[in-house]
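Sequence lines, in order, name chains R and S.
In case it helps, our numbering puts the first sequence at residues 570 to 818.
In case it helps, our numbering puts the second sequence at residues 570 to 818.
To keep things clear, I will list the structure first and then write my remarks on it.
2 protein chains.
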Amino acid sequence: MLKEERHIAILNEVALHNRVLLLDLAEKLDVSIDTVRRDVKELDADNKLKKVHGGAISLGFTNKSLPNKNIYSLSEKIIIAQKAISLLKDGAVIFIDGGTTCMELARLIPEHLKLTCFTLSLTVAMELLDKENVIVIFVGGQISKEAQLAIGANAIHNLSEIKVDYGFIGTGYVDALHGLTEFDWDIVQMKKAVIKASKKTVLLSISEKLNSQHRYKSCDVNAINTMITELHPENNLLNLFRNNDIRLL
Amino acid sequence: MLKEERHIAILNEVALHNRVLLLDLAEKLDVSIDTVRRDVKELDADNKLKKVHGGAISLGFTNKSLPNKNIYSLSEKIIIAQKAISLLKDGAVIFIDGGTTCMELARLIPEHLKLTCFTLSLTVAMELLDKENVIVIFVGGQISKEAQLAIGANAIHNLSEIKVDYGFIGTGYVDALHGLTEFDWDIVQMKKAVIKASKKTVLLSISEKLNSQHRYKSCDVNAINTMITELHPENNLLNLFRNNDIRLL
DNA sequence: AAAAGTACCGCAAATTATTGCAACATTAAC
DNA sequence: GTTAATGTTGCAATAATTTGCGGTACTTTT
């Protein structure tokens, strides 16, 4: 077998599976592992793939995670944010949660829209400062370093004194049976307070989070009035959520 | 499973749920927890995520990396901030105002110093998040778009319920005769509330602001306990302030 | 203060890489 | 056609990396 043939075959495998073990390649191509190793080394030098310990990985696969600046699943989140914005009319009083999806919501609020926005999130508040027609109210309290948002008794108390038209929240995990769950106890307390402070609660979640759960529960799914994913409302993945009186968007 | 594969999988999980336990990762990836720990350590070193006790959290849009704007008279402000920091001891409870000088103070707080910091400023709060030993409490309220800090009745009321050891404030204008003055009525109200909430008030001001005034008055100069400029305390420019019982630094 | 959970260190085993070398094939030159 | 030069391949010895485990130190929680 010619070297060129092998190179093409190797690139094929990598393109197909995103990753390949040298041992598998050696077996498949029926050459020694040393040869495969040398081949992969060359291909790596030519930037055709990335050689790693024990195998090779497709460039596309690795590059995707390199630009860390980019928000994970940004395009899906933009779809979600736009659906959420379609709910809003001038004069609405809303709450915007933290998290990247809610951040997109904040970012995509149109300039002309007149809103009053409550938030617990420093970054969301910063983002909203650019919106000429948005009144921003930060619900004070101790700031969680990890989540970059206000938590604690004071924040909860402050929330207890308001009632917004829409509360847009994210969640760490969501499951039709187990409801909205989180990793952090503190965060759960905040979600509960937000839900209580909202006439209508709108959940923003990318579909990848569906059917996952963690230790602490924020609420049941039917505590949510509207659920927005990047999927079409009729999508089969949402079937489990169709039973409850949830509006799917 | 290749190491790179795991790295990508870990970043996915972190991006998806913001936070994950090492134990969960170990189970999901079917490797020992030591391996996951080492992986997370590497990813942390590469600034792909943040490793925390027991798990990892997403950098997300945490990566503030705000372009260090050209701050006017930065070197003077650094001198002032360092003098201010010399007042602080472990366990102190302080308030930090908005403005670029106070921002420098926040930025230059040493890592080891254990503080509880109240603030009205979004940017100061963001800056303080990086300080491991600083508890950050944001005094909530409506956010002024220009000043990027909380103003209004709610914020003032919140301030009325606290008493900090040191209140570090800036001012728009300062004059020995006319005291501290501002351009904005709203801001003056906040300064007053901060002074009331501080056992000792420390004014941070570059010398360029000395002997200037504007329309609304926050307080008289002798309402200030300590005044810090970039000048040596014996400098003649400070003569007018030496009369009052102000400590010059 | 005690207990549980977590992190760090060093070690040994397993896996993978590298290197030098010999065998073989291919190419080029005479 | 023969020879020398070059390139390729497989092998073996050695080096490096990776991984899980045990012990210990450190954190957090109770």
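Cβ coordinates follow ideal geometry from the N, Cα and C atoms, glycine included.
- Query: Between residue 667 of chain S and chain R, is there a C-beta pair that is closer than 8 Å?
  - Reply: Chain R, which has no Cβ nearer than 8 Å to the Cβ of residue 667 of chain S, makes this no.
- Message: Short of 7 Å Cβ to Cβ, which residues in the segment 708 to 726 of chain R face chain S?
- Response: Residues passing the 7 Å Cβ filter: 708, 709, 710, 711, 712, 714, 715, 717 and 719.
- Query: Hey, which unbroken runs of the alpha helix (DSSP H) at 4 residues or more fall wholly within the segment 716 to 763 of chain S?
  - Reply: The alpha helix (DSSP H) runs lying completely inside the segment 716 to 763 of chain S and spanning 4 residues or more are 721 to 728, given in chain order.
- Rounded to whole angstroms, what's the CA-CA distance from residue 580 of chain R to residue 806 of chain R? Just pull it up for me. Answer to the nearest angstrom: the Cα atoms are 34 Å apart.
- Message: Among the candidates R:695, R:654, R:774 and R:714, whose CA atom is the shortest distance from the CA of residue 797 of chain R?
- Response: Closest by alpha carbon: R:774.
- Item | Short CB-CB distance (under 8 Å) between residue 683 of chain R and chain S | Not one beta carbon of chain S lies nearer than 8 Å to the beta carbon of residue 683 of chain R.
- Through-space distance from residue 614 of chain R to residue 762 of chain R, alpha-carbon basis: About 55 Å.
- What is the rounded straight-line gap between the Cα of residue 637 of chain R and the Cα of residue 784 of chain S? The pLDDT assigned to residue 637 of chain R is 44, lower than 50, so where the model puts this residue is not dependable; a value taken from the coordinates is nonetheless given after this. Each residue's alpha carbon lies about 48 Å from the other.
- Query: Run through DSSP, which three-state label would residue 695 of chain S get?
  - Reply: Secondary structure of residue 695 of chain S (DSSP, three-state): helix.
- Message: Does residue 570 of chain R pass the burial test, meaning 16 or more other C-beta atoms within 10 Å, or should it be called exposed?
- Response: With a threshold of 16 other beta carbon atoms within 10 Å, residue 570 of chain R falls short and is exposed.
- Burial state of residue 811 of chain R (16 or more Cβ within 10 Å): Burial check for residue 811 of chain R: the Cβ neighbour count within 10 Å stays below 16, so the residue is exposed.
- Message: Taking 8 Å as the threshold (beta carbon to beta carbon), is residue 577 of chain S in contact with chain R?
- Response: Any Cβ of chain R closer than 8 Å to the Cβ of residue 577 of chain S would place that residue at the interface, and such an atom is present.
- Which residues does DSSP pair with residue 651 of chain R in a beta bridge? The partner list for residue 651 of chain R (beta bridge, DSSP) is empty, contrary to what the question assumes.
- Query: Is any beta-carbon of chain R found at less than 8 Å from that of residue 572 of chain S?
  - Reply: At least one C-beta of chain R is nearer than 8 Å to the C-beta of residue 572 of chain S.
- Which residues bound the alpha helix (DSSP H) around residue 597 of chain S? From DSSP, the alpha helix (DSSP H) with residue 597 of chain S extends over 591 to 598.
- Item | Buried versus exposed call for residue 752 of chain S [16 or more other C-beta atoms within 10 Å across all chains shown] | Exposed, because fewer than 16 other Cβ atoms sit within 10 Å of the Cβ of residue 752 of chain S.
- Note down, in chain order, every chain R residue with its Cβ under 7 Å from the Cβ of residue 694 of chain S. Correct list: 691 and 712.
- Task: Decide if the segment 620 to 629 of chain S is in contact with the segment 644 to 664 of chain S; the criterion is three or more beta carbon pairs, one per stretch, under 8 Å apart.
- Result: Fewer than three beta-carbon pairs drawn from the segment 620 to 629 of chain S and the segment 644 to 664 of chain S are found closer than 8 Å, and the two stretches are therefore not classed as touching.
- Query: When the cut-off is 8 Å and only beta carbons count, does residue 636 of chain R lie next to chain S?
  - Reply: With a pLDDT of 44 at residue 636 of chain R, under the threshold of 50, the modelled position of this residue cannot be trusted, and the question is left open.
- Kindly indicate if chain R contains any beta-carbon less than 8 Å away from that of residue 584 of chain S. So, interface residue.
- Who are the Cβ neighbours of residue 595 of chain R in its own chain at under 7 Å, not counting the five residues just before and after it? So the qualifying residues of the chain are 601, 602 and 605.
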